[in-house]
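If you're matching positions, the sequence shown starts at 2 in my numbering and goes up one per residue. A virtual CB, placed ideally from N, CA and C, is assigned to each residue, including glycine. Predicted model only: the values in this text are computed from it and were never measured.
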Amino acid sequence: MFLTRRFYLSIIACICLYIISFFAPFLLVFAPIALTCILILTLADYTILFLGKTQAYAQRILPERLSNGDENSITIRIKNHMPYTLHVDVIDELPEQLQVRDLKKSGLFKAGEEKLFFYTIRPLQRGEYFFGNLLLFVSTNLGLVQRKIAQSAEVMSPVYPSFLQLRKYQLLSQATIQTEAGTKRMRKMGHSMAFEQIKDYVTGDDIRTLNWKASARKGGLMINTFSDERSQQVYCIIDKGRLMKMPFSGLTLLDHAINSCLVISNVCLNKQDKVGLITFSNKMGTMLAAEKKATQKSTILEVLYNQKTDFLESDFEKLYTQVRSRIKQRSLLILYTNFESLSGLKRQLDYLRSLASHHLLLVVFFENIELKVLTNQNAGNLEDVYIKTIAQKFAFEKKLIVKELMKYGILTLLTTPQRLTIDSLNKYLELKARQAL
């Protein structure tokens with residue numbers, strides 16, 4: 002039980018009445034009456050609130066899983082079981098990862114009325130999120146006493162990589178390049194080599210696909226038809242080294258890479274390609290063979306669920322050894338990593354060149370947004386000039402890394418974390434349209 006602010010204000014008013022009655026004795030008669038009324042009303046309010054065991058019922062409605070880095074909607078359903086009006090304040094005990102302690106919803110409920118309250122949370126870490134109880138603070142229209150009801154609602158909700166982005170990019174099964182401003186059609190280069198069937202020639206068909214042997218046997222023109230090549234192998238390789246711990250918009254670069262990998266995998270499966278997954282740091286992590294079965298997307302989601310960044314240097318030699326021994330067919334390797342200096346790249350360049358000689362390698366690494374901010378700001382003093390010069394040096398070194406990789410025929414994508422998904426997807430669609438694999 003809690004005494005409300007209204008109760009204390011009423012008591013203060015009685016005290017003031019007693020004080021004034023010393024100067025106006027005729028008020029001394031009303032002061033005890035007012036105090037008695039307040040105490041009687043308080044007792045009545047207490048009796049009403051604690052007369053029954055259940056005044057109000059609350060239920061939290063959660064999705065089966067939460068999406069990392071996205072706004073997730075949560076619903077609280079509250080119902081008044083009493084035959085009179087109640088005022089209810091509800092506080093939800095949110096997981097400690099969110100660091101939110103002031104989430105409160107309030108409402109006035111008539112007899113038997115039910116209401117829904119909505120709020121959103123944006124988790125920034127993958128893993129298990131434990132929700133606590135729902136705390137209800139119930140009071141009547143008198144508002145002198147408040148009853149606290151702890152509604153048991155403890156539950157664990159897993160936070161997965163951003164699967165909400167899958168819906169956003171679901172329409173990308175077409176051969177298009179997506180931009181934030183609109184959609185641009187990709188012109189397909191050449192013919193696919195995946196033979197489909199032989200059919201009769203009709204006006205408008207490409208005469209270069211005429212099958213003369215079949216035409217001679219039938220006595221009429223026949224042409225070969227081809228379909229898009231399918232069942233090509235695509236592997237998403239995620240670096241979990243210390244450089245992937247850098248934060249951006251509350252998420253680490255590893256989280257951004259995982260979200261992008263999930264979207265790429267979904268689009269590849271929609272285009273009937275086989276998708277696999279490799280994670281590594283100072284030692285090899287998960288190795289998921291490329292498949293195109295219906296459950297592959299769910300398997301990838303479960304694998305990416307608990308991937309964490311290591312604070313160690315990534316071993317590209319072990320990655321090369323694993324890829325050479327496990328992947329026999331030429332595949333598209335999308336490597337999500339990060340290089341901050343040209344010297345850091347050169348230590349791993351030999352392994353990247355070896356991978357590119359056996360597979361189609363696309364290296365995706367990140368542009369440092371903080372450096373761009375520093376290079377664009379005006380320098381007001383000598384210290385600002387020094388900081389801006391150093392920032393420009395590191396930003397220029399990123400461009401040198403791109404040129405160094407391209408010099409050896411390695412496909413490269415330098416992008417910001419916020420454009421990682423769309424740029425990686427555009428690159429995959431471009432390679433697919435060019436039949437580069």
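Rounded to whole angstroms, the separation of the alpha carbons of I41 and A35 is 10 Å.
For Q393, the enclosing alpha helix (DSSP H) has its first and last residue at 383 to 408. The C-alpha of I370 lies about 7 Å from the C-alpha of T417. Counting C-beta atoms within 10 angstroms of its own C-beta, L383 has fewer than 16 neighbours from the protein chains shown and is therefore classed as exposed. In the structure shown, the three-state DSSP call for G128 is strand.
Pairing S261 with L421, the inter-Cα distance amounts to about 7 Å. In the three-state DSSP reduction, N283 falls in the coil class, being neither helix nor strand. Linking L350 to L406 through their CA atoms gives a straight-line distance of about 8 Å. C269 is classed as buried because its beta carbon has at least 16 other beta carbons within 10 Å across all chains shown.
Collapsing the DSSP output to three states places E431 in a helix. Annotation: E292 to V276 spans about 5 Å, alpha carbon to alpha carbon. Between L302 and L263, the gap from beta carbon to beta carbon is short of 8 Å. Fewer than three beta-carbon pairs drawn from the stretch 43 to 51 and the stretch 94 to 111 are found closer than 8 Å, and the two stretches are therefore not classed as touching. Here the alpha carbon of N267 sits roughly 10 Å from the alpha carbon of Q273. Contiguous beta strand (DSSP E) elements confined to the stretch 285 to 342 occur at 285 to 292, 333 to 337, taking only those with 3 or more residues. By the 16-neighbour rule on beta-carbons within 10 angstroms, P124 is buried.
The shortest C-alpha to C-alpha distance from G410 to any of N427, Q419, S358 is the one to S358. Our two residues, L87 and P96, have alpha carbons roughly 28 Å apart in a direct line.
A Cβ-Cβ contact shorter than 8 Å links L363 with L333. The stretch 198 to 218 and the stretch 242 to 253 do not touch, with fewer than three beta-carbon pairs separated by less than 8 Å.
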